[in-house]
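Asker: Just so you know, the protein sequences line up as chains C and L, in that order.
To get this note's numbering, take the position in the first sequence, counting from 1, and add 816.
To get this note's numbering, take the position in the second sequence, counting from 1, and add 409.
This is the structure, below, for whatever I ask next.
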Amino acid sequence: MDVLYFAWVRERIGLAKERIDTEAATVKDLVAELVAREERYAAAFADTSALRVAVDQELTDFDAPLDGAREVAFFPPMTGG
Amino acid sequence: MRVVVQEAPFDFGAEAAGFAAGRTDMGAVVTFTGVVRDTGAGDLDRMEIEHYPGMTEKALETIAAEAVARWSLGDALVIHRFGRMAPGEQIMMVATAAPHRKDAFEAAEYLMDYLKSRAPFWKKEHGRDGTSWVAAKDEDEEALTRW
Chain C
817 MDVLYFAWVR ERIGLAKERI DTEAATVKDL VAELVAREER YAAAFADTSA LRVAVDQELT
877 DFDAPLDGAR EVAFFPPMTG G
Chain L
410 MRVVVQEAPF DFGAEAAGFA AGRTDMGAVV TFTGVVRDTG AGDLDRMEIE HYPGMTEKAL
470 ETIAAEAVAR WSLGDALVIH RFGRMAPGEQ IMMVATAAPH RKDAFEAAEY LMDYLKSRAP
530 FWKKEHGRDG TSWVAAKDED EEALTRW
């Protein structure tokens with residue numbers, strides 16, 4: 817699936833988008849996989865309460881299932897308007 | 410109902426004049442415009458707004474459709490920019506038209522409250538002391554509870 821990062825999450829990880837082959841059942845599982853990879857992911861996901869997640873462009877939570885998901889995005893709380 | 414996400418500046422006057430033009434059944438038109446604000450010390454060089462292409466448009470459509478469903482509105486408009494802008498430039502605008510002013514005002518406030526914390530935009534300030542991402546405010550999240 818495609819994993820996207822925005823704002824300071826993108827800057828901390830150093831990537832806007834990457835393709836990840838994963839068997840993760842939930843967003844939380846995917847985060848655990850990423851955190852185990854490299855320090856930059858651990859730094860970005862150190863406090864998930866400071867993050868928001870969207871699965872297939874719908875805002876959801878970290879318990880959301882990833883079954884059939886094509887795109888997951890991580891970002892800080894939004895500041896539009 | 411119209412939702413626009415664009416990098417280019419927009420003409421607020423022309424948009425406001427064109428919005429609900431010819432609708433003789435609308436007694437109230439409310440518009441709001443968000444402007445890049447320097448704190449006054451002249452320390453903001455520019456604002457940079459990042460967005461999530463695709464999700465942004467969908468989120469704005471959903472928010473606008475909800476406003477139209479909740480209030481007696483004849484029309485609603487949301488324009489939001491992304492990219493770089495200077496202090497004084499317009500970031501976004503919302504407009505609502507309704508037979509009565511209460512609906513138009515409330516729907517415009519609703520649109521603004523949801524835009525602030527449910528539309529995937531992130532603001533970064535470039536200033537004299539470097540760059541920093543604008544943090545979301547707790548009161549913006551709390552503002553949603555009134556709806």
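Backbone N, C-alpha and C fix where the C-beta goes; we use that ideal spot for every residue, glycine too.
Who are C/D818's beta bridge partners in DSSP?
Answerer: Residue mapping note: residue 818 of chain C aligns to position 2 of the first sequence, counting from 1. Beta-bridge pairing links C/D818 to C/R835 and C/E887.
Asker: Leaving out the 5 sequence neighbours to the left and right, which residues in its chain are closer than 6 Å to L/A504 when beta-carbon positions are compared?
Answerer: Position 95 of the second sequence, counted from the first residue, corresponds to residue 504 of chain L. Cβ within range, chain order: F428, T440 and L486.
Asker: Report the residue from L/A495, L/H509 and L/G539 whose alpha carbon sits nearest the alpha carbon of L/G563.
Answerer: Lying outside 410 to 556, the shown extent of chain L, residue 563 of chain L is not represented and no answer is given.
Asker: Return the first residue and the last residue of the alpha helix (DSSP H) that L/A437 is part of.
Answerer: Taking the second sequence and counting its residues from 1, the one referred to as residue 437 of chain L is at position 28. From DSSP, L/A437 is part of no alpha helix (DSSP H) but of the beta strand (DSSP E) over A437 to V444.
Asker: So which residues on chain C does L/F530 lean against when the C-beta distance must stay under 7 Å?
Answerer: In the second sequence, residue 530 of chain L corresponds to position 121, counting from 1. Within 7 Å Cβ-Cβ: M894, T895 and G896.
Asker: Quick one: is L/G463 near chain C, going by C-beta distance under 7 Å?
Answerer: Counted from its first residue, the second sequence places residue 463 of chain L at position 54. Interface residue, yes.
Asker: Could one say the Cβ of C/F890 lies closer than 7 Å to chain L's Cβ atoms, at least one of them?
Answerer: As a working note, residue 890 of chain C is residue 74 in the first sequence. No, no contact with chain L.
Asker: What residue does the alpha helix (DSSP H) around L/E459 start on, and which one ends it?
Answerer: Translated into the one-based positions of the second sequence, residue 459 of chain L becomes position 50. Unbroken run through L/E459 is the beta strand (DSSP E), L453 to H460; no alpha helix (DSSP H).
Asker: Using the Cα positions of L/M464 and L/R493, report the straight-line distance between them to the nearest angstrom.
Answerer: If you number the second sequence from 1, residue 464 of chain L lands on position 55. If you number the second sequence from 1, residue 493 of chain L lands on position 84. If you take the alpha carbons of L/M464 and L/R493, they lie about 20 Å apart.
Asker: Of the residues that make up the stretch 540-553 of chain L, which ones have a beta carbon closer than 7 Å to any beta carbon in chain C?
Answerer: Under the 7 Å Cβ criterion, the stretch 540-553 of chain L contributes W542, V543 and A545.
Asker: Using DSSP with H/G/I as helix, E/B as strand and the rest coil, what is L/S481?
Answerer: Within the second sequence, the letter at position 72 stands for residue 481 of chain L. In the structure shown, L/S481 sits in coil (DSSP, three-state: anything other than H, G, I, E or B).
Asker: Quick one: what does DSSP say C/L867 is sitting in, helix, strand or coil?
Answerer: Reading the first sequence from its first residue, position 51 is the one you call residue 867 of chain C. Correct three-state label for C/L867: coil.
Asker: What is the rounded straight-line gap between the Cα of C/L846 and the Cα of L/S481?
Answerer: Locating residue 846 of chain C in the first sequence gives position 30, counting from the first residue. Locating residue 481 of chain L in the second sequence gives position 72, counting from the first residue. Looking at the two C-alpha atoms, the distance is approximately 43 Å.
Asker: At 7 Å on the CB atoms, spell out the chain C contacts of L/G443, in chain order.
Answerer: Position 34 of the second sequence, counted from the start, is the residue given in the question as residue 443 of chain L. Near L/G443 (Cβ distances below 7 Å), the residues of chain C are G897.
Asker: Determine the closest residue to L/E534 out of L/D452, L/V412 and L/M456, with distance taken between C-alpha atoms.
Answerer: Residue numbering aside, residue 534 of chain L sits at position 125 when the second sequence is read from its first letter. Selected option, being the one with the closest Cα: L/M456.
Asker: With distances taken between CB atoms, is the gap from L/K572 to C/G896 smaller than 7 Å?
Answerer: An answer regarding residue 572 of chain L cannot be provided, because it is not within the stretch 410 to 556 covered by chain L.
Asker: In chain C, which residues lie with their C-beta within 9 Å of the C-beta of L/H489?
Answerer: To locate residue 489 of chain L, count along the second sequence from 1; it is residue 80. G896 and G897, listed in chain order.
Asker: Assuming C/V888 contacts C/V819 under a Cβ cut-off of 8 Å, what Cβ separation, rounded to an integer in Å, is found between them?
Answerer: Locating residue 888 of chain C in the first sequence gives position 72, where the first residue counts as 1. Locating residue 819 of chain C in the first sequence gives position 3, where the first residue counts as 1. Indeed, because the Cβ distance is near 5 Å, the residues count as touching under 8 Å.
Asker: So, using beta-carbon positions, are L/E459 and C/A832 closer together than 7 Å?
Answerer: Position 50 of the second sequence, counting from 1, holds the residue named residue 459 of chain L. Position 16 of the first sequence, counting from 1, holds the residue named residue 832 of chain C. Not closer than 7 Å, so no.
Asker: Could you please give me the residues that DSSP links to L/F530 through a beta bridge?
Answerer: The residue labelled residue 530 of chain L in the question sits at position 121 within the second sequence. L/H460.
Asker: Do L/V438 and L/A506 have their C-beta atoms within less than 7 Å of each other?
Answerer: As a working note, residue 438 of chain L is residue 29 in the second sequence. As a working note, residue 506 of chain L is residue 97 in the second sequence. Yes.
Asker: In whole angstroms, what separates the C-alpha of L/M501 from that of L/Y461?
Answerer: Mapped onto the second sequence, residue 501 of chain L falls at position 92. Mapped onto the second sequence, residue 461 of chain L falls at position 52. Near 16 Å, if we compare the C-alpha coordinates of L/Y461 and L/M501.
Asker: Nearest to L/E475 by CA position, among L/D452, L/F530 and L/L520, is which residue?
Answerer: Working through the second sequence from its first residue, we reach residue 475 of chain L at position 66. That would be L/L520, whose Cα lies nearest to the Cα of L/E475.
Asker: Starting from the Cα of L/R527, find the closest Cα among L/Q499, L/G497, L/K467 and L/W542 and give me that residue.
Answerer: Counting from one through the second sequence, the residue named residue 527 of chain L turns up at place 118. For the residues L/Q499, L/G497, L/K467 and L/W542, the minimum Cα distance to L/R527 belongs to L/K467.
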